[in-house]
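> Could you have a look at this structure, given as structure tokens, before my questions?
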Amino acid sequence: MYEIQERMLVEQPTMVVRGTIKLEDIPTFLGRAYHMVDSQIRDSGAHVVGEPFARYRCLDGEYREFEVEAGVPVVLAVSGHGGVEASVLPAGPAAVTVHTGPYERMEPAYDALNAWLDEHGGNADGPAWEVYHTDPNAQPDPATWRTEIVQPYKEVPRS
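Going by this note's numbering, the letters in the sequence shown line up with residues 119 to 277, in that order.
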């Protein structure tokens, strides 16, 4: 069972790497992206203000190919180079839940968010993103991995 919380988000500057990838390439892409962003941040002096995240947009309807934006929130995004770009996470209402466990078992968390949106008269407003509170390299036990899922939404008038 997943607890869903409502949040009012403020626009959040980020530094990211974007790519179009297949499902099986996500771990490799994320590792490379976070390394690139970390290097850019160290070189630029930008200040990180949160955990790494990834925002996914399914391209094929079958969850095999995605546009991915992976990075970190920063105080102020700086001009990137070498594949690192400035971006933002949007402002507005969001439904949020936390999944504890392996990434491969997050589908029920997304189902819970979608059910909550249906029940509360909301429609997804852009892709969800995952905030990774656990570093798998530092904590190798997948049962302990904590991932926050944030789904922006807009309210739909009820008839």
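Idealized CB from N, CA, C, for every residue including glycine.
#1: Return the residue from the list Leu-177, Ala-172, Met-154 and Val-193 that minimises the CA-CA distance to His-165.
#2: Which one of Tyr-250, Leu-231, Val-190 and Asp-243 has the shortest CA to CA distance from Gln-130?
#3: Please report how far the alpha carbon of His-199 lies from the alpha carbon of Gln-158, in whole angstroms.
#4: Tell me, to the nearest whole angstrom, how far the beta carbon of Pro-226 is from that of Tyr-152; I am working on the premise that it is less than 8 Å.
#5: So, helix, strand or coil for Met-133, using DSSP?
#6: Go to Met-154, then tell me how far its alpha helix (DSSP H) extends in each direction, as first and last residue.
#7: Using CA coordinates, which residue listed in Gly-240, Asp-156, Trp-263 and Val-202 is at the minimum distance from Thr-252?
#8: Tell me the DSSP secondary structure of Ala-172 in three-state form.
#9: Under a three-way DSSP split, which group does Glu-266 fall into?
#10: From Arg-125 to Val-134, what does the alpha carbon distance come to, in whole angstroms?
#11: Express the C-alpha separation of Ile-267 and Asn-241 in angstroms, rounding to a whole number.
The short version:
#1: Closest by alpha carbon: Val-193.
#2: Closest by alpha carbon: Val-190.
#3: The alpha-carbon of His-199 is positioned some 8 Å away from that of Gln-158.
#4: Contact between Pro-226 and Tyr-152 fails: their C-beta atoms lie close to 26 Å from each other, not under 8 Å.
#5: If DSSP states are grouped into helix, strand and coil, Met-133 belongs with the strands.
#6: Start and end: 144 to 162.
#7: Distances from the CA of Thr-252 to each of Gly-240, Asp-156, Trp-263 and Val-202 were compared; the closest alpha carbon is that of Trp-263.
#8: Ala-172 falls in the strand class under three-state DSSP.
#9: Strand.
#10: Pairing Arg-125 with Val-134, the inter-Cα distance amounts to about 23 Å.
#11: Spanning the two alpha carbons is a distance of roughly 16 Å.
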